[in-house]
Structure formats: C-alpha cells, structure tokens
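Quick note: to get this note's numbering, add 180 to the position in the sequence shown (first position is 1). By construction, the Cβ of each residue, glycine as well, lies at the ideal position given by its N, Cα and C atoms. This report concerns only the one structure given below.
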Amino acid sequence: TPLGLLRIRTNDPLAPQLDLPVYGASSNLSLEVTPADLELRLPMVAGGSTVERAITVRNGGKWPRTIHGIFVIDATTPAVELVDPPDWPDPPDWPLQLAAGDAPVTFHVRVTNGLVAPLEAHARILLLTDDPGAPELVLNLHADLPLHEIELLPGCRPVLEVDPVDFGTLLP
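Written out as structure tokens, the structure reads:
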C-alpha cells in the first residue's frame with residue numbers, strides 16, 4: 181500500500197498531471213520484545229529440572245503488525261523448546277496479527293535438563309515479522325547449571341575428598 185502520492189504538474193497538454201505512488205518503510209521498530217535476552221539458571225535435583233520463561237511481544241507502533249512465526253535456532257541441545265501459551269489453539273494460528281496498541285502476546289521457552297550432570301545450553305529465538313524496522317527479531321538464550329549447584333538428593337551436595345599426599349621434603 182502506498183504511503184501517499186507525489187503529484188507532478190506540467191505544461192504538457194497530453195499529461196498535465198502525473199501522480200506517482202510513494203512507498204517506504206520506517207526504520208523505527210514497532211514490535212517490542214521483552215526480555216531482550218534470556219539468561220536462565222537451572223535448579224538441579226536428582227531426576228532433572230525444567231525452567232520456563234515468558235517472552236512478551238507488544239505492538240507499540242501505529243500500524244498493525246504480523247508475526248509469521250517463532251522458532252528456536254542454533255540450539256546446542258534439544259533441551260530448548262518453545263511452548264505455546266495455554267489459551268492458544270493447537271496447532272497455533274499463524275500468522276499472528278497484532279493490532280497497534282493491542283494487548284501483548286506471550287510465548288514461553290522451556291529448557292529441560294533430565295541428567296544429573298552440568299548443562300550449558302545456548303540458542304537463539306527467532307521471530308519473523310512484517311515490521312520494516314526488524315523483520316527478524318533475535319533473542320539470545322543462555323541456560324546453565326553450574327556443577328557447584330547440583331544436588332543429588334535434596335540437601336546433599338557432592339564433596340571431593342582427597343587423601344593427603346606426601347611429596348617429600350622441600351629443599352631451599
């Protein structure tokens with residue numbers, strides 16, 4: 181859809197007026213995504229753990245916007261997945277239309293660690309949109325389970341005990 185018309189008036193008797201459609205796109209981003217990046221700390225107990233976080237998308241612009249899809253890309257583990265909001269139809273209706281000023285839409289990302297071992301996961305969440313300011317919105321995701329936070333049983337932590345070793349006498 182043209183943004184407007186550029187009208188040129190001339191002294192040409194065959195074409196005294198020429199209207200040219202004007203197309204353009206704003207570099208201002210209308211879709212607002214929060215959080216901008218996801219940093220997750222996984223609690224760990226025997227049998228694994230799961231952390232789920234919300235990603236909220238709001239149309240703060242003046243025009244309707246469309247989200248064509250949301251995807252997990254470049255994941256270092258299959259433990260990273262998107263979860264559709266509970267009030268969505270199954271399968272979700274794509275593309276998703278967001279009118280200007282509408283209530284935000286929330287997606288969920290889930291990271292699961294089913295092993296009793298340290299996990300570090302990296303992924304990117306990609307939103308494909310028709311927003312001329314950012315047709316591809318990318319969020320970075322990092323999830324980790326530091327070794328010192330592992331609990332094999334609730335309240336129990338691994339301890340490394342080393343027997344003393346005699347290295348002999350130290351000479352000056």
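Helix, strand or coil for Ala314? Go by DSSP, reduced to three states. DSSP places Ala314 in coil when its eight states are reduced to three.
Out of Val231, Ile235, Ile247, state which residue places its alpha-carbon closest to the alpha-carbon of Ala314. Of Val231, Ile235, Ile247, the residue nearest in Cα terms is Ile247.
Can at least three beta-carbon pairs, one atom from the region 282-289 and one from the region 189-205, be found at a separation below 8 Å? Between the region 282-289 and the region 189-205 there are fewer than three inter-stretch CB-CB distances shorter than 8 Å, so the stretches are not counted as touching.
Simplified DSSP assignment, three categories, for Gly241: Note: Gly241 maps to coil in three-state DSSP.
Would you identify the three-state DSSP class for Gly184, choosing helix, strand or coil? Reduced to three states, the DSSP call for Gly184 is strand.
For Leu306 and Ala323, the rounded distance between their alpha carbons: Distance from the CA atom of Ala323 to the CA atom of Leu306, rounded to whole angstroms, is 17 Å.
Expressed to the nearest angstrom, what Euclidean distance is found between the alpha-carbon atoms of Leu308 and Arg245? Those two C-alpha atoms are separated by around 11 Å.
Using CA atoms only, rank isn't needed, just tell me which of Gln197, Pro201, Ala301 is closest to Gly184. Taking only the C-alpha atoms, the option nearest Gly184 is Pro201.
Name the DSSP bridge partner or partners of Asp199? For Asp199, which the question treats as bridged, DSSP gives the partners Arg187.
Per DSSP, Ser210 forms a beta bridge with which residues? For Ser210, which the question treats as bridged, DSSP gives no partner whatsoever.
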